[in-house]
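Per the UniProt record's numbering, residue 1 is the first one in the sequence shown, and the count goes up by one each step. Virtual Cβ for every residue (Gly too), placed ideally from N, Cα, C. Source: prediction; values computed, not measured. Step one of this worksheet: look at the structure below.
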Amino acid sequence: MSIAPGGSLYIRNVNQARKSVRKGGYTGTACLGSSHLRLERFSARQIQTVSQTSTLSWASLESLVTGNRSALELSRKTLDTRSRTNLLVARDLSGTNRSRSQAAAVAVEEPSDNGYFTIPLAKSENKSNEGNNSLARDRIPMGLDDSQMLNIFVQRKWLNGGDLVWTQDRIGYHRCTTDVFLPSKTFRVESYSKHKTVASRRARHHIVHSLKEAGVWQELLLKAKLPAAKQEKPADENEPSNSRRITGPDIRGDLYFALSDAREALESAHLKVAQEVPFHQRRPIRTTSLPTKIRRPPLTNELRAQSENRLRFSRKMARDSNDPQFLRMTRDRKRLPVSSQPYAQSVVDLIEKNAYSIVVAETGSGKSTQIPQLLLDTAIDNSVGADCQVLCVQPRRIAAKSLASRVAAERLEQVGESVGYILRDDYVRPSPGGNITFCTSGILLKILRDGLGFLGMYSHIILDEVHVRDAALDLVLMLIKTRIEELKSTGARVPKVTVMSATVDVNLFSSYFSNKAPDGTLVPAPHVTIPGRTFEVKKHYLEHVLEDITHYLTPEALSGLIQVADTKLFLKDHFKAFGDPGEDATEERVLPPVSSLDGRTVPSGLISAAVLSVLSSTQTGSVLVFVPGMQHIFDVEKHITKFGRNLGLDFDDKHRLRIVKLHAQLPEEQLELRRDMPRGCRRVIIATEIAEASLTIPDVRYVVDSGKVNQTGFTGLTATESLAPCWVSQNAALQRAGRAGRVQVGDYYFLGLQKRFDSLPTSRATEIRRMDIQQLCLQVKRSTPGIPGTISELLDGLLEPPEKSEVDAAVAALKDLKALDENEELTDLGHILDDLNIHPAYAKMAVLGVIFNCLDPMVIFAALKKNMDFFVRVTDPALQLKVRKSRQAFGDGTDNPRYEYLEAFRAVREVEHKKGPRAAARFAYDRFINYGHFKSALRDTERIIQALCFIRITSEKNLKEKTANGRLGSDSMNTNSGSLSLLKALLTHCLSPNLAVKSFGQSTFRSKHKPIIKLRLSRTHAEALKKKQIMTIYNYLWSVPATPSVMKERFNVRPLTTALFGARLEQTAKDELIVNDWALLKPRTEMDTGQTLEEIIQLHKVFNEALETIYVTMSRRKPQSIKSQIILSKFREQLVQSMMTIIETDADKLRHTLPAEWKDEGIFLEDLEDEELGNDNEDSDVYSSADSSMDRDDI
């Protein structure tokens, strides 16, 4: 507070730390204790001058004030816990509307009747200053808060009050009671708290509030000739609010004091860390988590000779083998086009003579298995086999592993001899010196980011199936060019790079990869074209497929498969768009685009009917079925199992028929591909696009292609994701057809008219233009140190760069996460998030779980990510009700889908941990939990824990410890795991851009850039909902064509949580808070509005600064001093305790005092009775129960 000599200052509880001093002609008192002073915006010399003195004299403070032209506030701060004394802390409160005044150390008298210490300012013995002190005594300084003004009003006897009466109950709580006497009214004020000082502060706060309500406060301000503070206009419930404004938060007295105390405590702890903890340079964070066992030392001469002998002996054993199966495999290899002359020698010459080369080899030519062996065998024949290390990169994990097994078998070896593979969590390393290693593009990306040493281990790098064009491959292509140039400059061995595919765009890749000619000019990379196998694949289109279906299927099967809604809709729209025009057609038909309406419909019945028709009309050969997604896999399996019995197809007889499901989240099914089958057994392999490339299944003779693929999309500006089935490209269709003619004549059934097939686009849009590129931006920045330019400029080096608007949106999101600074440089947190190798927002969840001691739930949230349908989707209304009840049982009435997923995950994990996978699968099935998604998320939690251990941000022992129920982390890492309010706050901090607001009187949620969805409720409930205001955080927006965007996995948050844990917070001129530059909060408080807003904004600032300090300590070398480690530990504990106190106070039991229109939990579809949803037909606009794409968390 600002005071002048001769005036009086009220301060509480000086703890009897008094000492009289004389200095400079002034008499004063200073509090003993810590010699540490917190001074903002003062010079280092001035801070040192005051902090080193044991007494605060008038002269020292006067010089401090005069030199900075600022006002000072004297407030208490407990810093020295050993002597338990208080220190008067000088805090700068200078501002444009605040006048400069002086402060002095003063003598402390006994407490007055009002419970406060009266501190008179001693006059100087110099009589020349008496006049100035007299004037200062009569002048009321500007910029005082309400509590300070109340002190002055009482001192000047403008108010009369009774004594403070204290009582204490049995449990130790204090009640403070006092009376205030006005000329026309007398009222009593009571306050209640566990701490006496807090109760006293609350009593004064209630006095001010009562005076304002009675209109007396304004009269006192006029008497003092001071302007009244702006008074907030009560919200009119009948007045429509702005679509982005929320009335709240409601700051009660105890919450205000909690905010103030938290800010002061964090400031003090933060300053102590800055002064006493020496930070060393950032530790060198390893940029790859590849197993250390696959890192090879350089070959010695002795080891090179041993490797040459081993390779030659292995080839001799293969030539001399008489094994019938191996001889048959050898004969098949020789018939492959790549192994025949002249292609074999031309491919080897092309690769060896050029730094970059392109091989266009049609499906079935043997490029994936034979070209790596050609390179190794040629090197062995030239006695340099030990120096030939071939790295073959595949787009799919299943392809990399299966190719390694196949190539090893063709060399009469086991995987781990001269052939190996490296996957993210699985690897078998080959023998050193002369080998072939298969890996995914993600592994090669880690190798390239690891530096030049690891890349220089390989003599050849083969990028196979580049037509897939995932984001990792595009980044790999860019980094390969950069690293190759760096290797050339060092004079080290440079690997030969080869790009392969059956449908590669030669012009695009040859212009991107250029070789340097002898004269120094750049020429496009050369290419060679190799034909495929000669086995004929006959194509059948929809018109012929329907004829076979009607001929071979029974009327019951036709009714159950063809006469269903989705199939009828597909056939109607498809023939309307691509069928022959009628005789009365007068104009030429215009073909619709790939994303036409019939492309979004997946006729599972038609697909199943086509499979049953093939099985009924043929006797031998397996069937490969391509469908868009996992749900379609299960639908087709259900249909063919049900209707196959009437056609004599018994899938229960495993000696005749088997069903295999191929999906990335069903790894156990992949083992079925390599198992031996009984003679005469046929398989129906239902797969997604993962079976398109680099996968040969010898018994497949028939391919049934739905012609559809699930294509994801992402709009960075609105953070909207989409997933919709669409037609495949012609390149993809040719790849699928090629699966049937690998080893025998085959048939390809395309479930679309020939005109549809001919109009398919040549290729599919690259993934990098259809995805959230936040993680890619971090990877690019981390992988190109020292290269100048913005992230957008760095991404221009990609083969096909993403749109600049998408890059800008991703960079803005990373800045909100504090992963990038304003100059687009990686922060300490950015290094940590990149090391975790998942989406930055979910990686930050795991980091905050470590900091706030809620490791288990936050790591689970990070592993669940998005697009995780943790509960199965059903279309039957009765089953939908059961699924909803199961979710509610796990949610425990919280109406929070993320919490439901969390508890369901924990329940299944506990069963698996105690009883095994089989019991867990049964437990999940009975409760409609997707067990495949659970296993995928469980593996991700283990990877995240391994990554956290790898980057050493905390004790590895605490991270890896597990309890009897499988919980992650030690007890100390999970002390706050049960606080749902804290989990919501931390998720808000990570997903802050995903904020949506529904204001009073509105029926539509609004995000920063767009309205999201109009709730589909009955008219009665829609009107009731308009009277509520809701702030919600969604995990992601989901958009399906022809439907509005919906919020997935949303949870409601309180306004104060949104403000404190949001990315940005500012104050407007209308005493409002603006969150993330768009959402407006109109706080209601019993305190001074401006001061309350200032406390919230300052705490938001201090909270983020404290987190940044913790991130620095995580990414730097650990302090050598034990004292420093203790200070950092206490600092983190103070941060957690301060924010927990505010969260719990805001969500206190006093919630019944909040305004009626504010409901923290909002309204959800489960709150409505089924009868109301079903019977209010005229007034309702409810999603149909048959629409399986909508979940209860979608509204």
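Element boundaries [beta strand (DSSP E), containing residue i]
i, result
"Cys-854", "Looking at the DSSP string, Cys-854 is not in any beta strand (DSSP E), and its letter there is neither H nor E."
"Ile-1074", "1073-1075"
"Arg-658", "657-662"
"Val-1100", "Before going further, note that residue 1100 is His rather than Val in the sequence given. Per DSSP, His-1100 belongs to no beta strand (DSSP E); it is in the alpha helix (DSSP H), 1089-1115."
"Gln-394", "389-394"
Rounded C-alpha distance that separates residue i from residue j
i, j, result
"Arg-252", "Phe-923", "46 Å"
"Glu-308", "Cys-388", "10 Å"
"Pro-725", "Asn-710", "4 Å"
"Lys-401", "Thr-498", "20 Å"
"Thr-490", "Ile-953", "35 Å"
"Lys-496", "Tyr-356", "6 Å"
"Gln-774", "Thr-720", "14 Å"
"Gln-370", "Ala-843", "40 Å"
Presumed contact (8 Å Cβ cut-off) between residue i and residue j, rounded CB distance
i, j, result
"Met-500", "Leu-448", "19 Å between Cβ atoms; not a contact."
"Gln-735", "Ala-693", "6 Å"
"Leu-814", "Pro-840", "6 Å"
"Val-614", "Val-623", "6 Å"
"Leu-836", "Ile-944", "6 Å"
"Ser-405", "Gly-366", "Wrong, their Cβ atoms sit about 16 Å apart, outside the cutoff."
"Arg-483", "Leu-444", "11 Å between Cβ atoms; not a contact."
Of the listed residues the options, nearest to residue i (C-alpha basis)
i, options, result
"Asp-676", "Ile-690, Ile-697, His-663", "Ile-697"
"Thr-567", "Thr-601, Thr-550, Ile-549", "Thr-601"
"Asn-731", "Leu-948, Gly-752, Pro-761", "Pro-761"
"Ala-996", "Ser-200, Glu-413, Arg-245", "Arg-245"
"Ile-1122", "Lys-755, Pro-278, Val-154", "Pro-278"
"Phe-438", "Trp-1038, Met-630, Arg-397", "Arg-397"
"Arg-332", "Leu-475, Arg-742, Leu-1107", "What sits at residue 332 in the sequence shown is Asp, not Arg. Comparing Cα-Cα distances from Asp-332 to each of Leu-475, Arg-742, Leu-1107, the minimum goes to Arg-742."
"Gln-670", "Leu-657, Cys-681, Ile-686", "Ile-686"
"Arg-1132", "His-270, Asp-179, His-209", "His-270"
"Leu-723", "Thr-1058, Ser-1124, Tyr-1111, Trp-1038", "Trp-1038"
"Asp-261", "Asp-179, Met-478, Thr-1092", "Thr-1092"
"Gly-978", "Lys-914, Cys-854, Tyr-1036, Lys-1070", "Cys-854"
"Ala-733", "His-540, Tyr-901, Arg-909, Pro-877", "His-540"
"Gly-849", "Glu-825, Phe-870, Asn-930, His-989", "His-989"
"Gly-680", "Ser-763, Ala-691, Asp-699", "Asp-699"
"Ala-399", "Val-1102, Phe-326, His-663", "His-663"
"Thr-712", "Arg-769, Ala-740, Ser-706, Ser-763", "Arg-769"
With 16 other Cβ atoms within 10 Å as the buried cut-off, status of residue i
i, result
"His-206", "buried"
"Ile-787", "exposed"
"Asn-301", "exposed"
"Tyr-925", "exposed"
"Arg-887", "buried"
"Leu-255", "buried"
"Leu-150", "buried"
"Glu-264", "buried"
Limits of the unbroken alpha helix (DSSP H) element including residue i
i, result
"Ser-368", "367-381"
"Asn-301", "301-320"
"Pro-1055", "1055-1061"
"residue 1210", "What the structure shows of the chain is the stretch from 1 to 1195, and residue 1210 is not part of that stretch, so it cannot be assessed."
"Ser-1129", "1122-1146"
"Tyr-356", "No alpha helix (DSSP H) holds Tyr-356; the beta strand (DSSP E) holding it covers 356-361."
"Phe-634", "630-644"
"Ser-511", "506-512"
"Gly-932", "931-951"
"Ser-405", "397-410"
"Ser-608", "604-617"
Heavy atom of the ligand SAH within 8 Å of residue i beta-carbon
i, result
"Arg-967", "With respect to the ligand SAH, the structure offers nothing, as it holds no ligand at all."
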